[in-house]
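Heads up: the structure comes next, in structure tokens.
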Amino acid sequence: AGTCPENGATSKAHLKDMEFLLQQTEEAALDAGSRVLNLVNAYFDGLSQKRNDVTVGTSTLVQLHEWDTDIPLLQCSILSRANPKNLASYAALGRKQESRVLNLLQNSWLMRNILLNDGPRQDKFSSMLDIYHDILAASHRAKNGVRSNDIFHRLALAVALEHAVPINIFDTNEVIDPIARFQHYENAHIRGELDPSFLALSVWELRMVVNNDASNDEIQWCRDMLRNYRPDHITERNDKWQYCMIVKSDV
């Protein structure tokens, strides 16, 4: 009751078109990938030559760098992990999802950052895309930081990659809201509550920050407690003890 055969047929046709498009992209990327592998092999062959032949290796390295920025290779890597059919099914959900998939596959810089930082957990690219774009929509700082890849954009990408698979608060069934988790650290950084080194953390390092299974309130309590109860630990110069001295001194 209430179903429309025409809409169902249109949706299936759209899904089929997306699958075909992604399959073509994957085939083209595989061809480019084989050529890159040949360059890699040539480069390592050059490393074994004598020092006076180093120009051969250098020349190959330049070619490798040029291919390394080629979109087909990055697309191949993304599609091999995301699965073309899964991405096509996600893109078929609507224009917004379709645009997100196409933007991903056309953005070499974003694909590179995703791959270099180990990709979304369990290769859940659709969830990662939803979280990433929702954060950009919710935070002008994250959106404005895309071009420069500043701390806010790196934080947004870290949350999207790490929370692609939902994380529960410890010993509960309550799922941590990834948007709220981003905003928690965004605001804490703006207020100057975080370690100064936070500004220099990579996406990978930030993933190890935002995957904390404590609630945002518990994380805030911990920072407040240290400032009020043991502020001397905050200024500890020894990095090895800065974050665990409280255990030695008070637990």
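In terms of full-length UniProt numbering, the sequence shown opens at residue 1 and continues consecutively.
C-beta: ideal position from N, C-alpha, C; glycine also.
As the structure is a computational prediction, the values presented were derived from the model and not from experiment.
>> At the level of alpha carbons, what is the spacing between N173 and R112?
In response: Spanning the two alpha carbons is a distance of roughly 34 Å.
>> So, at 7 Å on beta carbons, what are the nonlocal neighbours of H14 in its own chain, with the 5 sequence-adjacent residues on each side left out?
In response: A92.
> At what residue ranges does the segment 71-110 contain a whole run of the alpha helix (DSSP H), taking only runs of 4 or more?
Replying inline: Whole alpha helix (DSSP H) segments, 4+ residues: 71-82, 84-91 and 95-106.
> When the Cβ atoms of the segment 205-219 are set against those of the segment 155-166, are three or more pairs found closer than 8 Å?
Replying inline: With the cut-off at 8 Å, the segment 205-219 and the segment 155-166 touch.
>> With distance defined between alpha-carbon atoms, name the residue in A137, S77, I169 and V146 nearest to F125.
In response: Ranking A137, S77, I169 and V146 by Cα distance to F125 puts S77 first.
> Which residues in the same chain have their Cβ closer than 8 Å to the Cβ of E186, if we skip the five residues on either side of it in sequence?
Replying inline: Around E186: S139, R141, A142, F152 and L155.
>> Among A158, F182 and W241, whose alpha-carbon lies nearest the alpha-carbon of L201?
In response: The candidate whose alpha carbon is nearest that of L201 is A158.
> If you draw a straight line from the C-alpha of L194 to the C-alpha of D239, how long is it?
Replying inline: A direct Cα-Cα distance of roughly 14 Å separates L194 from D239.
> Who pairs with V175 in a beta bridge, going by DSSP?
Replying inline: DSSP output for V175 lists N168 as bridge partner(s).
>> Alpha carbons only, please: which of R121, K16 and N86 is nearest the one belonging to residue 253?
In response: Since the first residue shown for the chain is 1 and the last is 251, residue 253 is missing from the structure and cannot be characterised.
> Where does P120 fall in DSSP's three states?
Replying inline: The answer is coil: DSSP assigns P120 none of H, G, I, E or B.
>> So, with DSSP's three-state summary, where would you put E218?
In response: Residue state, collapsed to three classes: helix.
> Going by Cα to Cα distance, which pick from N216, R81 and E27 is closest to D118?
Replying inline: Closest by alpha carbon: R81.
>> Just to confirm the assignment, what range does the alpha helix (DSSP H) spanning L129 have?
In response: Where L129 is concerned, the enclosing alpha helix (DSSP H) starts and stops at F125 to A138.
> DSSP on L194, reduced to helix/strand/coil?
Replying inline: Of the three classes helix, strand and coil, the one that applies to L194 here is coil, per DSSP.
> How would you label A214, buried or exposed, when you count the other beta carbons within 10 angstroms and need 16 or more for buried?
Replying inline: Exposed, because fewer than 16 other Cβ atoms sit within 10 Å of the Cβ of A214.
> What residues in its chain sit with their C-beta under 8 Å from that of I219, if we drop five residues either side in the sequence?
Replying inline: H184 and N212, listed in sequence order.
> What distance in whole Å lies between the Cβ atoms of I179 and I135, which are believed to be in contact at a cut-off of 8 Å?
Replying inline: Confirmed, Cβ separation roughly 6 Å.
> From what residue to what residue does the alpha helix (DSSP H) around L206 run?
Replying inline: L206 -> alpha helix (DSSP H) spans V203 to V210.
> Quick one: Cα of D131 to Cα of V101, how far?
Replying inline: Before going further, note that residue 131 is Ile rather than Asp in the sequence given. The alpha-carbon atoms of I131 and V101 are separated by roughly 13 Å.
> Cα separation between A88 and L74?
Replying inline: Computed Cα separation, rounded: 18 Å.
> Mind checking whether L129 and Q97 have CB atoms under 9 Å apart?
Replying inline: In this structure, Q97 lies closer than 9 Å to L129 by Cβ.
>> Using C-beta distances below 6 Å, list every residue in its chain close to D171, excluding the 5 sequence neighbours before and after it, in chain order.
In response: Here D171 has no same chain residue with a Cβ atom under 6 Å from its own Cβ, once five neighbours each way along the sequence are excluded.
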